[in-house]
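Residue numbers (our numbering), protein chains in the order written: chain A, 3 to 428; chain B, 11 to 163; chain C, 602 to 1102.
Cβ atoms here follow ideal geometry from the backbone N, Cα and C, with glycine treated the same way.
What you are looking at is a predicted structure, and each value in this text was computed from that prediction instead of being measured.
Some notes on the structure that comes next.
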């Protein structure tokens, strides 16, 4: 519809796709020892110029050891109604052990922050068993529902023993706002965002998370819509239209549902070029060909540098052509990654083995205990939850019902799909 | 030496080679001017024999031991010892037709032209090949029925 | 009976340029030009001219051009000259109007309403001269997920048969019989060189072309001409042809005069008999019958070759395509209503079917909605005119395209729409030896190779501009497309935004 400029407000992220550049940083202790957020704050603050004050955030793993069996939901609310609706929804589908406001501190540059709460909860056992889904799938779909349906509410993170702290502002200000120096984590990632345009909003800041995954990313992938339409076949809803979101879903699909190691998932996303494959010995070439073939739509193209956090550790990945900077350095059990070398050296001046991550070669850092466990496990992937997304099954096509009854049951999304109908060709 | 070969299977009887040959051996090297205005009219050396069903370009093979040279009474017909090209010198030619009768391939013709009747035959476009580096008939052929390739002898 | 039909074309001869060499006369199988020695001038029979432009191209002095017959109509938008001419033809002959090539009517061409994206500032474009730019495509079913041993780098899931294309374009089905052996051989040689495939059409595989079997798609159509186990195993892929974009819902008819000894042997029918392909396959009256044929063919090739099913894009194409995938088709081929043909009833060609762009968008969406998109590849045909059309088709969701008219034009075809006469002056749609020899496959193959290589370079340039270096990432990437001059419904069906959004 034509609209007068005066009333035209720029669309929020999700309604449109907004390209952005970024700074990313990650610090991990492979031994699993936990460190406070001071270093990550210093590291991302150094790269101040790589963000423009429209988004910053942190992901931290190992911060809630006392509730490590429960999902920790960080939820942002625009208003009281959103909280009421969300909590009612959570009550219906989850058992909540504890809920509290996330402690924050006023920061001058951060105006009008949302109301931010955290919940430690587990799936409602009866509902879970009735759903036929596993715990992760069940939780994921309800997080999708809250983010897609309840106005003014946004689940910022939903993993176990981890959390995301993010918002509109420079990352160092966001860090102070959330008092992240007070948390103890064995893995920290951070993100400073430089979107080209957008009225910033808190949910759109990064890291992007899903269950235990957290992703920070610098780049703008050109394969976005191919990747989006691929994951949407498997019931992921790309509501934010960001690279980070779709990369996270790809990891979830490949690593959790198809059972690949994170490294293999990353390898699939940055598959070797055909001329490299053609030069491999035949059985390896057949292996790589099959992977590229089956996961052709999971290939990521265009500039990308990604840090993927999970309960296993950290994975860093650059696009095949190495179109974005990403540096790594080590010191004892510590591993540091950042968009700029300076952001590593500022927190660890005597860093060793500093180098740039190769394009298309996943760089994996696992917790020592995870690495030891994985070495014992089978190298074959096991599918989980390959079942199709809820099929459109009904007892009677909605369109055949009278208009009144339509109204009575209206408003459910499935109805629209029913009405579309399929023609029988039996 | 490089010679022109005609391939019957691909000859489509269009005779573009003849036109190109005439043009190349004209004064103006412009087809319209050469064929409509020049006197004496330029003569083609290559000729297409046959009809629509079956046709082939007939052209000098620049034989290793050319019969036409052997038979020439005036010393007009010679084979260049360096290039191997067999050519005729119209100044010396007396139009006696010995070469015509000697050639086993029917590739020499006597044409009544100004100021006297002389022999005409392919000279592989003389000192200068046509563009692009091929005899003009080969370039003009639409179907690779004339090819210009290296061969023995 | 006096023929009321007017000539369609007028041959213009520039006397100042004409050198009366007679190349035009000898080039025309329709006997349009005759050099009259007494008059020392050309007599021209304009009525016989089909505008194939052979004489225009062959004339050494550029003295010829073809124009429309200058007769004006009465100015009516209803009774145009063309409409009246068709009536004149039918009242003369009492026959169905026959024509060739694709729908020429001014229906919207959606390719021309779609624009491509390019990278600026926020991400870099990629230079195909500096970076690998991959256009390799595989066609065939693929499992939804792969089981592997990561340490040993072994695939555990059995991989279904697939074919590999180095360029995202194949040559669509044109049978030996409808086109000459030289034309088919040109395409076969080009396919081999380019790492892609030609399609036998339903005319069988001539023994001379069996050596190109690794680059052949062998077609099984309703006439089943030339089909036996040897044939089915001679190619790289089997294609069941249900319908053709140019003539959905009707079969084919190759007149007996084109069934010479070679065509007869290849089609396995007697010499001189008409080769009639029924409108439907008489063993496929429903979707479950299709499944049986698909699996019969898979059995016949011991599950070693993918089986494609080709349909014309018709109104209910999305549901039909979904059914085809569920019936076991490894590749779904959609042929749009602008697709070409050697012969079709004019009314069918011009009025039946839907545009390929809309069919493609609808099918790709439906297969994704049903989560069966990865079970089959999607190939589209029906006026792919340039590399830009290929890029747009892939971005809409196709794995690859089929293209026939383009390569035919490379071979010399000028789309005169007179294939059915059997007098193709370019040696393509004819079996007359004096005409077929006009197409030397060495030249034909080279021209087609040049064309496809040029297209592929352009595809790579466009992909590079978008910041994409593998065609995998272009497939279904509709965000790389914007519509111009399309209404909301069209944009919705195409699944693209309008330019400026």
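Item                                                                                                                                    : Value
Residue 646 of chain C vs residue 633 of chain C beta-carbon contact at 8 Å                                                             : yes
Residues within the segment 294-324 of chain A neighbouring chain C, beta-carbon criterion of under 8 Å                                 : 294, 295, 296, 297, 298, 299, 301, 302, 303, 304, 305, 322, 323
Beta strand (DSSP E) segment containing residue 841 of chain C, residue limits                                                          : 838-842
Cα-Cα separation, residue 1017 of chain C to residue 706 of chain C                                                                     : 15 Å
Residue closest to residue 1076 of chain C, alpha-carbon to alpha-carbon, out of C:993, C:1085, C:1024                                  : C:993
Integer-rounded CB distance, given that residue 50 of chain B should sit under 8 Å from residue 77 of chain B                           : Actually they do not touch by this definition, with Cβ atoms about 27 Å apart.
Residue 787 of chain C versus residue 1049 of chain C: straight-line alpha-carbon distance, rounded                                     : 8 Å
Unbroken stretches of the alpha helix (DSSP H), 4 residues or longer, contained in the segment 656-699 of chain C                       : 682-694
Beta-carbon gap between residue 734 of chain C and residue 1013 of chain C smaller than 8 Å                                             : no
Partners in chain A for residue 797 of chain C, counting only beta-carbon separations shorter than 7 Å                                  : Those within 7 Å of residue 797 of chain C in chain A number zero; the least Cβ separation is about 15 Å.
Of the listed residues A:225, A:322, A:77, nearest to residue 204 of chain A (C-alpha basis)                                            : A:77
Cβ-based neighbour list, residue 292 of chain A, same chain, cut-off 7 Å, excluding 5 preceding and 5 following                         : none
Inter-stretch contact at 8 Å, needing at least 3 Cβ pairs: the segment 1043-1059 of chain C / the segment 955-970 of chain C            : no
Exposure label - residue 235 of chain A; buried when at least 16 CB within 10 Å                                                         : buried
Below-8 Å beta-carbon distance, residue 190 of chain A vs any chain C residue                                                           : no
Chain B contacts from the segment 1011-1029 of chain C (Cβ-Cβ distance under 7 Å)                                                       : none
Residue 310 of chain A, enclosing alpha helix (DSSP H) - first and last residue                                                         : Where residue 310 of chain A is concerned, there is no enclosing alpha helix (DSSP H), although the beta strand (DSSP E) it sits in stretches over 306-312.
Spatial distance of residue 689 of chain C from residue 603 of chain C (CA atoms)                                                       : 11 Å
Contact set between the segment 211-237 of chain A and chain C, restricted to residues whose Cβ is under 9 Å from the partner           : 221, 222, 223, 224, 225, 226, 227, 228, 229, 230, 231, 232, 234, 235, 236, 237
Cβ neighbour criterion (16 or more within 10 Å) applied to residue 14 of chain B                                                        : buried
Sheet register partners of residue 27 of chain A (DSSP bridge)                                                                          : A:192, A:340
Interface flag, residue 148 of chain B vs chain C, CB-CB below 8 Å                                                                      : no
Enclosing alpha helix (DSSP H) for residue 865 of chain C [first to last residue]                                                       : 862-868
Residues of its chain near residue 407 of chain A, where Cβ-Cβ distance is below 7 Å and the 5 sequence neighbours each way are ignored : With a pLDDT of only 45 at residue 407 of chain A, under 50, the local geometry of the prediction cannot be trusted, and the value read off the model is given with reservation. If we look at residue 407 of chain A and ignore the five residues flanking it on each side, it has no Cβ neighbours.
The segment 889-908 of chain C in contact with the segment 944-957 of chain C per 3-pair CB rule at 8 Å                                 : no
Interface residues of the segment 1041-1054 of chain C facing chain B [CB-CB below 8 Å]                                                 : 1041, 1043, 1044
Terminal residues of the alpha helix (DSSP H) in which residue 742 of chain C lies                                                      : Unbroken run through residue 742 of chain C: none, as it is neither H nor E.
Three-state secondary structure assigned by DSSP to residue 978 of chain C                                                              : strand
Contained alpha helix (DSSP H) runs [length at least 4] in the segment 21-50 of chain B, N- to C-terminal order                         : 26-34, 41-46
Contact set for residue 704 of chain C: own chain, Cβ-Cβ below 6 Å, skip 5 residues either direction                                    : 938, 939, 950, 951
Assigned exposure category for residue 161 of chain B - 16 Cβ within 10 Å defines buried                                                : exposed
Interfacial residues, the segment 697-725 of chain C to chain A, with Cβ spacing under 9 Å                                              : 718, 720, 722, 723, 724, 725
is_contact[residue 1073 of chain C, chain A] using C-beta, thresh 8 Å                                                                   : yes
From A:283, A:229, A:245, A:324, residue whose alpha carbon lies closest to that of residue 299 of chain A                              : A:229
As assigned by DSSP and simplified to three states, the class of residue 421 of chain A                                                 : Confidence at residue 421 of chain A is low in this model, with a pLDDT of 37, below 50, so the placement of that residue should be treated as unreliable; the coordinate-derived value is given next. Residue 421 of chain A falls in the helix class under three-state DSSP.
For residue 132 of chain A, the first and last residue of its enclosing alpha helix (DSSP H)                                            : 127-133
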